[in-house]
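Asks: Each residue of the sequence shown is one higher than the one before, starting from 1 at the first, in full-length UniProt numbering.
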Amino acid sequence: MTISVLIADDQAMVRAGFAAVLAAQPGIEVVGQAADGVEAVALAHSLRPDVVVMDVRMPQQNGIEATRALQIPPRSSDYVPRVLMLTTFDIDEYVYDALRAGASGFLLKDATPEELVAAVRIVAGGDALLAPSVTRRLIEDFARSVPPPRPSSTRLAELTDREREVLTLVGRGMSNTEIAAALFIAEQTVKTHVSKILQKLGLRDRVHAVVLAYDTGLVQPGS
1 MTISVLIADD QAMVRAGFAA VLAAQPGIEV VGQAADGVEA VALAHSLRPD
51 VVVMDVRMPQ QNGIEATRAL QIPPRSSDYV PRVLMLTTFD IDEYVYDALR
101 AGASGFLLKD ATPEELVAAV RIVAGGDALL APSVTRRLIE DFARSVPPPR
151 PSSTRLAELT DREREVLTLV GRGMSNTEIA AALFIAEQTV KTHVSKILQK
201 LGLRDRVHAV VLAYDTGLVQ PGS
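1) Taking the alpha-carbon of Lys109 as reference, which of Leu203, Leu183 and Met54 has the nearest alpha-carbon?
2) Assuming Leu201 and Leu212 make a contact with CB atoms under 8 Å, what is their CB distance in whole Å?
3) Considering only the beta carbon of each residue, do Ala44 and Pro81 sit closer than 7 Å?
4) Could you say which of Thr87, Val5, Tyr96 and Val52 lies nearest to Ala66 if we only look at CA atoms?
5) Do Arg68 and Ala101 have their C-beta atoms closer together than 7 Å?
6) Please specify which runs of the alpha helix (DSSP H), each continuous and at least 4 residues long, are wholly inside the stretch 145-219, giving them in chain order.
7) Can you check the UniProt domain "Response regulatory" (4-124) for any alpha helix (DSSP H) of at least 4 residues that lies completely inside it and give the ranges in chain order?
8) What do you reckon, are the CB atoms on Val190 and Ile179 nearer than 7 Å?
9) Go ahead and pull the three-state DSSP assignment for Ser133.
10) Is it buried or exposed for Met103, if we count other Cβ within 10 angstroms and need 16 for buried?
11) So, are the CB atoms of Asp9 and Pro59 less than 7 Å apart?
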């Protein structure tokens, strides 16, 4: 299937560069370009791209606000695109807020063309993506900057003890392979648990599972 992409960035040269890279790839079609968040939301609802490549900092409406707006489907529709957020810095003051707003991935603007293409494919496929430098350390830094959450059992009530255990390890930044080794279970079993966790909690991907683990107090910064 062809992956349709909308590019939103206030710098024309950046938009053109990303568009050229992506349009040259088999199975990827750039369907539109937006210069700010307001235009990005309007075009996304009109063009219905699979992925919106969104700059964090834009005029009129920034990438966080636009991402949050895109989580609300237009009337008579369940359309919600996946958002790949672009940032100039690996430690960006907006990263944590953007993840909470619904972004499925982060990529630095100085990423290679190959990394950009891979990121679009990963996010379009339903997986979460964090750039190598936007990792658990970053999420912990931003978790420390917000008021400590009160542990909440309500949101996690549907999870089994094992699923809570897996979610805790996901929140600590562990991969499926690492979780399997820590719990002495098969990696495929971990994948099954993660899938059930996402389904039960209404989460779109692993990134948002990490955010929820912090938000509910299941994982504490530095733990």
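Even glycine gets a Cβ: it sits at the ideal position worked out from N, Cα and C. Bear in mind that the values here come from a model prediction, so they are computed numbers and not experimental data.
Replies: A quick look at the data gives this:
1) Met54
2) 6 Å
3) yes
4) Val52
5) yes
6) 161-171, 176-183, 187-201 and 206-215
7) 12-23, 37-47, 63-70, 95-101 and 113-124
8) yes
9) A caution first: Ser133 carries a pLDDT of 46, below 50, which makes its placement in the model too unreliable to give a value.
10) Contrary to the premise, residue 103 reads as Ala rather than Met in this sequence. With 16 or more other Cβ atoms within 10 Å, it is buried.
11) no
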